[in-house]
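Participant: Chains as they are written, first to last, in this note's numbering: chain A, 1 to 227; chain B, 1001 to 1227.
A virtual CB, placed ideally from N, CA and C, is assigned to each residue, including glycine.
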DNA sequence: CGGCTTATTGAAATGCTTCAAAACCAGTGG
DNA sequence: CCACTGGTTTTGAAGCATTTCAATAAGCCG
């Protein structure tokens, strides 16, 4: 059974795994990877920790973040199932930021050597470019938009991202605490609560413990487009 | 004369040029590049514009930025002589952001085809990783530090960057208007003025039209380290 | 000198944070 | 079934950071 995990993996058709399988084979990949499961809130990678493995989030949600000396946490990106973390690990011996599980997660660790990496340069270049583009969006977001616009835009993005992965219903999962959103968008948890309450009060979204629903796309978009 | 520009170029020993010369030769590089000069405030690249050329800032200062539909400008990064823009051009047909000259500039355009790019993958991977790291720093900066800390940190960084390039004196150049700094750090030009005045009043820095001087490193560092 | 761009200053308004208290919620053990 | 707990969200009030608007000053160029 263990020998056929890759065969049946949802993620084998896209991204890193697809490239590796194309270059080599499913068996080759299977031999170089192992799955690890971790409970919610576990730190998956600490800055400075040398690692030979590039990882793929098989199931659950995770996030990358920087822990500042004053205890403050700045989230860099949100990882959904299928996302790779981190392309940088293939270029650098260690990273300067952390990864943590937001929910229970299953993570696939893949061991690649220099030649393996060389064989998938095309894919890696593209993945690195995506990483840059995503971070640029965050800079624009943090630098030039107000809290309301950031949260509205985030919910729209997340909705689109989940639908692109095949989600269909009205309700979408949201496995983040309000303080996670606060750390993501550089605002206080209190203010996150207020903004979300306001969006709800305006009938733009509906919110439940671990899920949300967009009630009025154009309205929410209008808020997201405000300065 | 034109045939020997690369030979005498200050930047030939580092970065992209060094990699290309190592892989091929100075003559090879010379044949694929041409220099362009542009006055201050010129737009060097507009988003969406297809370009076969990767560029190196030979002289002057420039910046990358996103122009938002509401007219607001978010600067992404500051380019100093020797900096490449942009690694992303080698992975994507077009970019989503702009480059503009802050001063009069000389820009070296280099035409590379797919094989040329493949030959310097090692260098490109590293450069892309650097790009990511720099943007992550900006996210942390914008997300979790106050205006004072951002400006203090910027001056310290810039000072270090210029000294790493060989600058020695007390005074360092600063070819940015206050509204450039505002667009860079997500604050209003008025507030930039106030913060700089305050830093000056605290005897931490000295400021003149196109240059600055750090008067008290530990003090400025202390401000930069504040939340 | 006049006209342009950039920087400074003040006053008022807005956005956001902090602190503190209360409400809510899920799980635990009685 | 209830009370208790710990983690999370909501709410209010006060204070701080930053923006906006508007007016003035300073610097530079022709």
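Rank A:144, A:85, A:19 by C-alpha distance to the C-alpha of residue 1187 of chain B and give the top, closest one.
Facilitator: Selected option, being the one with the closest Cα: A:144.
Participant: If you check the beta carbons only, do residue 1121 of chain B and residue 121 of chain A fall under 8 Å apart?
Facilitator: It is a contact, given that the beta carbons lie within the stated cut-off.
Participant: If we cut at 8 Å on Cβ distances, does residue 1153 of chain B have a partner in chain A?
Facilitator: Not an interface residue.
Participant: Measure from the C-beta of residue 172 of chain A to each C-beta in chain B and report whether the shortest distance is under 8 Å.
Facilitator: So no, residue 172 of chain A is outside the interface.
Participant: Give the residues from the segment 72 to 92 of chain A that approach chain B closer than 7 Å (Cβ to any Cβ), ordered along the chain.
Facilitator: Here the close residues are 72, 74, 76, 88, 91, 92.
Participant: Would you check if the distance between the CB atom of residue 40 of chain A and the CB atom of residue 83 of chain A is smaller than 8 Å?
Facilitator: Contact: no.
Participant: Shorter than 8 Å from the beta carbon of residue 42 of chain A to some beta carbon of chain B?
Facilitator: With 8 Å as the cut-off, residue 42 of chain A does not count as an interface residue toward chain B.
Participant: Please classify residue 64 of chain A as buried or exposed, where buried requires at least 16 neighbouring CB atoms within 10 angstroms.
Facilitator: Buried, because 16 or more other Cβ atoms sit within 10 Å of the Cβ of residue 64 of chain A.
Participant: Helix or strand or just coil, what does DSSP make of residue 13 of chain A?
Facilitator: Three-state DSSP puts residue 13 of chain A in a helix.
Participant: Name the residue from A:35, A:78, A:153 whose alpha carbon lies nearest to the alpha carbon of residue 195 of chain A.
Facilitator: The option with the nearest alpha carbon to residue 195 of chain A is A:153.
Participant: When burial is assigned at 16 or more other CB atoms within 10 Å of the CB, is residue 1205 of chain B buried or exposed?
Facilitator: Answer is buried; the Cβ neighbour count reaches 16.
Participant: Check whether the Cβ of residue 1123 of chain B lies closer than 8 Å to any Cβ atom in chain A.
Facilitator: Not one chain A Cβ lies under 8 Å of residue 1123 of chain B.
Participant: What does the Cβ neighbour count give for residue 1114 of chain B, buried or exposed, with the cut at 16 atoms within 10 Å?
Facilitator: Residue 1114 of chain B should be labelled exposed.
Participant: Under 8 Å between the Cβ atoms of residue 117 of chain A and residue 44 of chain A?
Facilitator: Not closer than 8 Å, so no.
Participant: In or out: residue 1007 of chain B buried (at least 16 other Cβ within 10 Å) or exposed?
Facilitator: Exposed, by the Cβ-count rule.
Participant: Residues of chain A with CB under 7 Å from residue 1112 of chain B, in chain order?
Facilitator: Within 7 Å Cβ-Cβ: nothing; residue 1112 of chain B doesn't reach chain A, min ~13 Å.
Participant: Quick one: any contact between the segment 1075 to 1090 of chain B and the segment 1048 to 1065 of chain B, if contact means 3 or more CB pairs under 8 Å?
Facilitator: The segment 1075 to 1090 of chain B is in contact with the segment 1048 to 1065 of chain B.
Participant: What are the boundary residues of the alpha helix (DSSP H) that includes residue 28 of chain A?
Facilitator: That run of the alpha helix (DSSP H) goes 26 to 32.
Participant: Taking 8 Å as the cut-off, decide whether the C-beta atoms of residue 1129 of chain B and residue 92 of chain A are in contact.
Facilitator: For residue 1129 of chain B and residue 92 of chain A, yes; Cβs fall inside 8 Å.
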